[in-house]
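Asker:
Number of protein chains: 2
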Amino acid sequence: MKYDPAQKTTRGAARTLKAFSETMLMMLGEKPFEKISVNALCEAADYPRATFYNYFDDKYDLLTYCWYRMRREVHLDQISGDPTDATFMAAFDQIYHLFDSHHDLLIAVVSHNPLDSQLVNHFIQYFTSVFTELFSARAKPQALKTPVELVAKHYSSTVLLIMEWIFLGQHPTTREEAEVYVRELLEPSFTCVE
Amino acid sequence: MKYDPAQKTTRGAARTLKAFSETMLMMLGEKPFEKISVNALCEAADYPRATFYNYFDDKYDLLTYCWYRMRREVHLDQISGDPTDATFMAAFDQIYHLFDSHHDLLIAVVSHNPLDSQLVNHFIQYFTSVFTELFSARAKPQALKTPVELVAKHYSSTVLLIMEWIFLGQHPTTREEAEVYVRELLEPSFTCVE
DNA sequence: TTTACGTTTAGACAGTTGTAAAACATTCAT
DNA sequence: ATGAATGTTTTACAACTGTCTAAACGTAAA
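First to last, the protein sequences are chains S and V. First residue of the first sequence? That's 754 in our numbering, and the numbers climb one at a time after it. First residue of the second sequence? That's 754 in our numbering, and the numbers climb one at a time after it.
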């Protein structure tokens, strides 16, 4: 992101950032991402084009900021790297809740942006990288030969796959069912034992 | 893809398609995908712009055709949906070979296009969808509660994750080691039994 | 050879993109 | 309040995109 959330944000800048990201999300519910030009976006947000480029490198950079805002709404701190660990399921529930709380927005967006579109891809990729970082931060040394980093990526991409299936692929699924999915996919032995 | 590989291709059309895709792959080894304009591409391929748009919708459409050509080089037919099945590992080996045979090209491309770039994303997404189709085509009815389609996606995205790790992330890994990875990630119980 | 057909090409078009320089507005310490 | 620093807006620009039209081309049947 061009804009650095770490640095202090003036009231004016915050207002501008909010206006652009909310306008983008609104327009995503109306038309495909490819059809949204920076021109039209600025028109709708009622800001000059130069201001847009003041805060963002391009459309994609704004998207990243949109996902950042969404992600920021939920605390995702107590994650363990081990799916048999109880804190893993707690983290999974938090992630489920994050997506669930934006259910309507996601439905609207997907209705104009297919699952294999650049937009959905960008969305998935952003959250995958966020979760990968969280998973690998507390990864335990494991008995496997597979590198820890690869395992962390595997966990997060699997979790995202399930979220995509449920919330973007429009397969209504309760949190409890979703928990079964993630256990079956990540720990097949777990299911056999039961 | 705008161009339909199913329809008969005249000799002239085949030459044009080949020229564009090879030029694209060559340029990807020289600069990032975002910096490659259709103009420059046509210049390098020595074809007029109108011809480009005759065959492809845009840059991305040409990319898809590039991956299609790559994919076509290898037979990927005998795939089973079950990772404990021997044919699954046979298929995995074929996929490993496919990427391995383009090792130099992938190195060159990645040196100008980071792992989280649009380009690499597009590449991964294309092959994930190809493998998903193959895996679900022969998916066996399973004891899991997780939908078959979701499981197929999980298999293919995991396989691609490993390929990305090895060939794009530049972690030299033998085929035997790669086989260990895929077994550990997809069938942890399998490893425990051994 | 001529005709007819589909494909390829040249050129032009309106709209978009990202950048740069300068004008303008705010904020805040002095 | 004054002035410096910072942030915002205007305007202009060169380059690119995707589409269109009409002309040029090749090929295969009459």
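Just so you know, even glycine gets a beta-carbon here, dropped at the ideal spot from N, CA and C.
Using a Cβ-Cβ distance under 7 Å, would Asn874(S) count as near chain V?
Answerer: Taking Cβ atoms only, chain V reaches closer than 7 Å to Asn874(S), which makes this a yes.
Asker: Could you tell me which whole alpha helix (DSSP H) segments of length 4 or greater appear in the stretch 891 to 929 of chain S?
Answerer: The qualifying runs are 901 to 916.
Asker: Contact criterion: CB-CB distance below 7 Å. Does Tyr934(S) meet it with respect to chain V?
Answerer: Cβ-Cβ to chain V under 7 Å: yes for Tyr934(S).
Asker: Alpha carbons only, please: which of Thr762(V), Pro801(V), Asp814(V) and Leu903(V) is nearest the one belonging to Ala879(V)?
Answerer: Note on identity: in this sequence residue 879(V) is Tyr, with Ala being the wrong assignment. Comparing Cα-Cα distances from Tyr879(V) to each of Thr762(V), Pro801(V), Asp814(V) and Leu903(V), the minimum goes to Asp814(V).
Asker: With 16 as the cutoff for other CB atoms within 10 Å, does His875(V) come out buried or exposed?
Answerer: Under this definition His875(V) is a buried residue.
Asker: Near Pro949(S), what residues of its chain come up, given a Cβ to Cβ distance below 8 Å and the 5 sequence neighbours on each side ignored?
Answerer: In the structure as shown, chain S starts at 754 and stops at 947, and residue 949(S) therefore has no counterpart that could be examined.
Asker: Using a threshold of 7 Å, state whether the C-beta atoms of Met779(S) and Phe852(S) are closer than that.
Answerer: Against a cut-off of 7 Å, the Cβ pair of Phe852(S) and Met779(S) comes out as no contact.
Asker: Look up Gln847(V) in the DSSP assignment and say whether it is helix, strand or coil.
Answerer: Residue state, collapsed to three classes: helix.
Asker: Using C-beta distances below 7 Å, list every residue in its chain close to Val946(V), excluding the 5 sequence neighbours before and after it, in chain order.
Answerer: For Val946(V), the predicted model reports a pLDDT of 34, less than 50, meaning its position is unreliable; a value from the coordinates is still stated below. Here the set comprises nothing.
Asker: Alpha carbon to alpha carbon, how far is Glu932(S) from Val912(S)?
Answerer: In a straight line, the C-alpha of Glu932(S) is about 10 Å away from that of Val912(S).
Asker: Name the chain V residues whose beta carbon is nearer than 7 Å to that of Ser910(S)?
Answerer: Here the neighbours are Ser910 and Leu914.
Asker: Can you list, in chain order, the residues of its chain with a C-beta nearer than 6 Å to that of Thr944(V)? Leave out the 5 residues immediately preceding and following it.
Answerer: Note that Thr944(V) scores 40 on pLDDT, short of 50, meaning its location in the model is unreliable and no value can be drawn from it.
Asker: Please tell me whether His907(S) has its Cβ less than 7 Å away from any Cβ of chain V.
Answerer: Judged by the 7 Å Cβ criterion, His907(S) is in contact with chain V.
Asker: Check whether the Cβ atoms of Val883(S) and Ala892(S) lie closer than 7 Å to each other.
Answerer: In this structure, Ala892(S) does not lie closer than 7 Å to Val883(S) by Cβ.
Asker: Take the Cβ of Ser854(V) as the centre, count every other Cβ of all protein chains shown within 10 Å, and call the residue buried at 16 or more, exposed below.
Answerer: It is exposed - the Cβ of Ser854(V) has fewer than 16 other Cβ atoms within 10 Å.
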